[in-house]
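Okay, structure first, notes after.
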Amino acid sequence: MFDQKEFRLDGKVALVTGASYGIGFAIASAFAKSGATICFNDRKPEMLAKGIAAYKELGIEAHGYLCDVTDEAAVQAMVKQIDEEVGTIDILVNNAGIIKRIPMCDMSAEDFRAVVDVDLNAPFIVSKAVIPGMIKKGHGKIINICSMMSELGRETVSAYAAAKGGLKMLTRNICSEYGGANIQCNGIGPGYIATPQTAPLREKQPDGSRHPFDQFIVSKTPAGRWGDTSDLQGPAVFLASDASNFVNGHILYVDGGILAYIGKQPE
Ligand code: NAP
Ligand code: GCO
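When we follow the numbering used here, the leftmost residue of the sequence shown carries the number 1330, and every step to the right adds one.
The structure is reproduced here in structure tokens:
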């Protein structure tokens, strides 16, 4: 019999990577309001401190860890420390990510690798560190933060799109390999969300007009607006909760309808 409690996260330990601010912070905050204990990491001490203070302002006692998600030894050590200090991780959100907007033929292999390292290799590294504990517990939830670029390309984001496309397939592979251990691995594909990562795409022009990309995205989104990080909170809580125990290998696009829409006829 259905019970609303299925959407709660009471007693669960959640790790959200790169969650000092932005999408990760919003998702972790919603998990806390749903009953979970929050762990998060950042690679910069000053950002970690800011994040802990920001959670405290919301009344959330978050556990912060200094860790670069591309460093496998550091990730293994962080997961072990969380296991000892807080408890075995029930919910992992691979949120940490970077983007470099450079035309492909101008992009160095080093820059390409740096983006893939954070956006694809790191979700592999962190998931690999967390899955054994989930198997021992008999359950687990992994949510990979994918992107419109898991499905679509555009100029200057070749590394990011390649990584996020790969992350979609890593999501499906974790589902395939560990679904039998009662681990559900799904993705969230945010549309265009107003965060520091997309701030350059929304900057006012010298004449005070809106950035052309800002106008483009609003016209391509049936909702007629940029997404807010709060738009991702409900979908994330759903995928982290028992309400989604038979949802596996799915990418849930939270995009205001962009992927469904061919676009308006130019006036
Ligand atoms: P953001 O504002 O740039 O925040 C990214 C977070 O990841 C920051 O906390 C950053 O920490 C952390 N991070 C980056 N590299 C790291 C590393 N090596 N180790 C640990 N932490 C690291 O980005 P966002 O807009 O919130 O995006 C979060 C996720 O959503 C990303 O995966 C992004 O690709 C994805 N996404 C964003 C949008 C959007 O429109 N904003 C849409 C679709 C998907 P620092 O402070 O150290 O840099
Ligand atoms: C870009 C944007 C996008 C968003 C997001 C869309 O330059 O096109 O940064 O990539 O970050 O991934 O879903």
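We put the CB at the ideal spot given by N, CA and C, even for glycine.
THR1558 versus MET1436: straight-line alpha-carbon distance, rounded: Residue numbering aside, residue 1558 sits at position 229 when the sequence shown is read from its first letter. Residue numbering aside, residue 1436 sits at position 107 when the sequence shown is read from its first letter. In a straight line, the C-alpha of THR1558 is about 30 Å away from that of MET1436.
Within 9 Å, strictly: CB atoms of GLY1520 and THR1485: Reading the sequence shown from its first residue, position 191 is the one you call residue 1520. Reading the sequence shown from its first residue, position 156 is the one you call residue 1485. Cβ distance not < 9 Å, so GLY1520 and THR1485 don't count as in contact.
Sub-9 Å separation of ALA1565 and ILE1356 beta-carbons: What you label residue 1565 is simply residue 236 of the sequence shown in a count that begins at 1. What you label residue 1356 is simply residue 27 of the sequence shown in a count that begins at 1. The answer is yes: Cβ separation under 9 Å.
Alpha-carbon spacing of VAL1459 relative to CYS1475, whole angstroms: Counting from 1 along the sequence shown, the entry for residue 1459 is found at position 130. Counting from 1 along the sequence shown, the entry for residue 1475 is found at position 146. If you take the alpha carbons of VAL1459 and CYS1475, they lie about 19 Å apart.
Any non-hydrogen atom of the ligand NAP closer than 8 Å to ASN1558 Cβ: One-based indexing of the sequence shown puts residue 1558 at position 229. Checking the sequence, you will find Thr at residue 1558 rather than Asn. Under cutoff, so the answer is yes.
Touch test, the segment 1568–1584 against the segment 1463–1478, Cβ-Cβ under 8 Å, three pairs minimum: yes
Closer than 8 Å: ASP1536 CB and nearest the ligand GTP heavy atom: In the structure on display, the ligand GTP does not appear, and the ligands it does have are the ligand NAP and the ligand GCO.
Inter-stretch contact (C-beta, 8 Å, three-pair minimum) for the segment 1367–1386 and the segment 1394–1413: Below 8 Å, enough C-beta pairs join the segment 1367–1386 and the segment 1394–1413 to call them touching: three or more.
Segment contact flag, the segment 1529–1547 with the segment 1486–1497, C-beta cutoff 8 Å, min 3 pairs: no
Buried or exposed by the 16-neighbour rule on C-beta atoms within 10 Å, applied to ASP1419: Within the sequence shown, the letter at position 90 stands for residue 1419. Counting Cβ neighbours within 10 Å, ASP1419 comes out buried, since at least 16 surround it.
Residues near ALA1589 by beta carbon distance below 6 Å, same chain, minus five either side: To locate residue 1589, count along the sequence shown from 1; it is residue 260. Apart from sequence neighbours up to five positions away, no residue of its chain approaches ALA1589 with a beta-carbon distance below 6 Å.
Cβ-based burial, ILE1428 [other Cβ within 10 Å; buried from 16]: Along the sequence shown, one-based indexing puts residue 1428 at 99. Its Cβ being crowded by 16 or more others within 10 Å, ILE1428 is buried.
Counterpart residues of LYS1470 in DSSP-defined beta bridges: Within the sequence shown, the letter at position 141 stands for residue 1470. Paired residues: ILE1420 and GLN1513.
Assigned exposure category for ILE1591 - 16 Cβ within 10 Å defines buried: Counting from 1 along the sequence shown, the entry for residue 1591 is found at position 262. Answer is exposed; the Cβ neighbour count stays below 16.
contact_flag[the segment 1331–1338, the segment 1569–1577] where n(CB pairs < 8 Å) is 3 or more: yes
Pair within 9 Å by beta-carbon distance, VAL1422 and VAL1342: Taking the first residue of the sequence shown as 1, we reach residue 1422 at position 93. Taking the first residue of the sequence shown as 1, we reach residue 1342 at position 13. Cβ atoms of VAL1422 and VAL1342: not closer than 9 Å.
Other residues of its chain near GLN1410: CB distance less than 8 Å, five sequence neighbours each side excluded: Taking the first residue of the sequence shown as position 1, residue 1410 is located at position 81. Here the set comprises TYR1394.
Stretch-stretch touch, CB-based, cutoff 8 Å, three pairs: the segment 1534–1542 with the segment 1494–1505: no
heavy atom of the ligand GCO below 8 Å from SER1548 C-beta: Locating residue 1548 in the sequence shown gives position 219, counting from the first residue. With a cut-off of 8 Å, the C-beta of SER1548 is classified as distant from the ligand GCO, since no heavy atom of the ligand falls inside that distance.
Where PHE1575 falls: helix, strand or coil (DSSP): What you label residue 1575 is simply residue 246 of the sequence shown in a count that begins at 1. PHE1575: coil per DSSP, three-state reduction.
Any non-hydrogen atom of the ligand NAP closer than 8 Å to PRO1529 Cβ: Counting from one through the sequence shown, the residue named residue 1529 turns up at place 200. Incorrect: PRO1529 has no Cβ contact closer than 8 Å to the ligand NAP.
ILE1503, DSSP secondary structure in three states: One-based indexing of the sequence shown puts residue 1503 at position 174. Helix.
Spatially closest choice to GLN1513 from GLN1526, GLY1467, THR1524 and ILE1546, by CA coordinates: Within the sequence shown, residue 1513 is the residue found at index 184, counting from 1. When only C-alpha atoms are compared, the closest one is GLY1467.
Simplified DSSP state of GLY1393, which is helix, strand or coil: For this step, residue 1393 is matched to residue 64 along the sequence shown. DSSP places GLY1393 in strand when its eight states are reduced to three.
Residue environment, PHE1360, which counts as buried when at least 16 other CB atoms sit within 10 Å: Along the sequence shown, one-based indexing puts residue 1360 at 31. So PHE1360 counts as buried.
Closest by C-alpha distance to GLY1347, when choosing among ASP1448, ASP1332, GLN1333 and ALA1365: Mapped onto the sequence shown, residue 1347 falls at position 18. Measuring from the Cα of GLY1347, the nearest candidate turns out to be ASP1448.
CA-to-CA distance, PRO1461 to LYS1493, given in whole angstroms: Stepping through the sequence shown from its first residue, residue 1493 is reached at position 164. Stepping through the sequence shown from its first residue, residue 1461 is reached at position 132. Answer to the nearest angstrom: the Cα atoms are 24 Å apart.
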